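One structure below.
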Amino acid sequence: MGTVAEERKARPGRRWRRWLWGLPCALLAFSVVQVAVLRFVDPPFSSVMALRQAEAWGQGDWRFRIRHQWCGLERMADSVPISLVAAEDQRFPLHNGFDLQAIEQALDHNARGKRLRGGSTISQQVAKNLFLWQGRSWLRKGLEAWYTVLIEALWPKRRILEMYANVAEFGDGIYGVQAAAQAFWNKDAARLSADESARLAAVLPSPRRYSATAPGPFVRRRADWIQRQARQLGGPGYALGGQ
């Protein structure tokens, strides 16, 4: 048996071990609760919005304000969700958050030296935009994968698509289809035409570079392609997979 003095010396080591085990477990539990709550609660902003606002203020742009207004899927034109799926993730109703087929195609495309293409799904983009930050790092990718698993496990596809339509950036500081519809066409998302919905989806690769209201050749061609893809996928009903 050890002496009392020896036991006291060993206690700090045990405390550190408890912390090393306890902190990751607490963070994991927090993330599960966080995602579970947001299945039912509409977030007023996302982490990317908060960071974008902080970035502007950090650069001395005190007039900059994020434009965002939550809009339920039932208050959007039917052309909105199918345009987003056609543009960003055509297998959205079919996969469980990770589209291995799209990842293989992206790797093959990039290996041939063509313009870099990503293989992330709408679920992964929701995880990144809602909970994390922009950029490239193994830490962020790992957290993105974890949140994607949670989102797919705890949310129905309808909620995932609704969240994406509300946190995606469609212009500089303009997040969500309702804010975009108001800013670009002075109308509600429910009144967007199929062409306008397609143009919003068309700028998603780079919303601060491309314009939905003054589309150049790239956005025009991409919007036309999105509308064709939406029809080939089966129209608005496909986006929600019958939900």
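In terms of the numbering used here, the sequence shown opens at residue -19 and continues consecutively.
Even glycine gets a Cβ: it sits at the ideal position worked out from N, Cα and C.
None of these values were measured; they are calculated from a predicted model.
Whole-number beta carbon distance between V147 and G156, since they are thought to touch under 8 Å: Indeed, because the Cβ distance is near 7 Å, the residues count as touching under 8 Å.
One or two residues paired with G151 in a DSSP bridge: Under DSSP, G151 shares a beta bridge with I154.
Buried or exposed (CB count within 10 angstroms, at least 16 for buried), R32: Burial call: buried.
Cβ-Cβ distance between K137 and L220 below 8 Å: Cβ distance < 8 Å, so K137 and L220 count as in contact.
Nearest neighbour of C51, chosen from A194, V17, P23 [CA to CA]: Out of A194, V17, P23, the CA that lies nearest to the CA of C51 is found in P23.
Burial state of S117, where buried means 16 or more other Cβ atoms lie within 10 Å: That one is exposed.
Proximity of Y224 and L64 at Cβ, strictly below 8 Å: Summary: the structure shown does not reach residue 224, with the chain confined to residues -19 through 223, and so no result is reported for it.
Runs of alpha helix (DSSP H) lying entirely within the region 54 to 87, each at least 4 residues, in chain order: Whole alpha helix (DSSP H) segments, 4+ residues: 59 to 68.
Sufficient close CB pairs (3 or more, under 8 Å) joining the region 118 to 130 to the region 102 to 110: Enough Cβ pairs lie closer than 8 Å, so yes.
Three-state class that DSSP yields for R179 in the structure shown: Look at R179 here: in three-state DSSP terms it is helix.
Cβ pair I206, A170 closer than 8 Å: With respect to A170, I206 sits apart: the two C-beta atoms are not nearer than 8 Å.
Beta-carbon contacts of R201 that lie in its chain and below 7 Å, excluding the five residues immediately before and after: Scanning its chain for C-beta atoms nearer than 7 Å, with the 5 sequence neighbours on each side dropped, one finds no residue around R201.
Rounded straight-line distance, which links the Cα of L7 to that of A57: Each residue's Cα considered, the two are about 38 Å apart.
R47 - partner residues in DSSP beta bridges: Looking at the DSSP assignment, R47 forms a beta bridge with I154.
For A6, the three-state DSSP class (helix, strand or coil): Judged by DSSP in its simplified three-state form, A6 adopts helix.
Cβ-Cβ distance between F150 and A192 below 8 Å: For F150 and A192, yes; Cβs fall inside 8 Å.
Proximity winner among V60, V13, F25, A194, relative to A210 (alpha-carbon distances): Nearest C-alpha to A210: V60.
Element boundaries [alpha helix (DSSP H), containing N109]: Following the DSSP letters along the chain, one finds N109 inside the alpha helix (DSSP H) bounded by residues 102 to 111.
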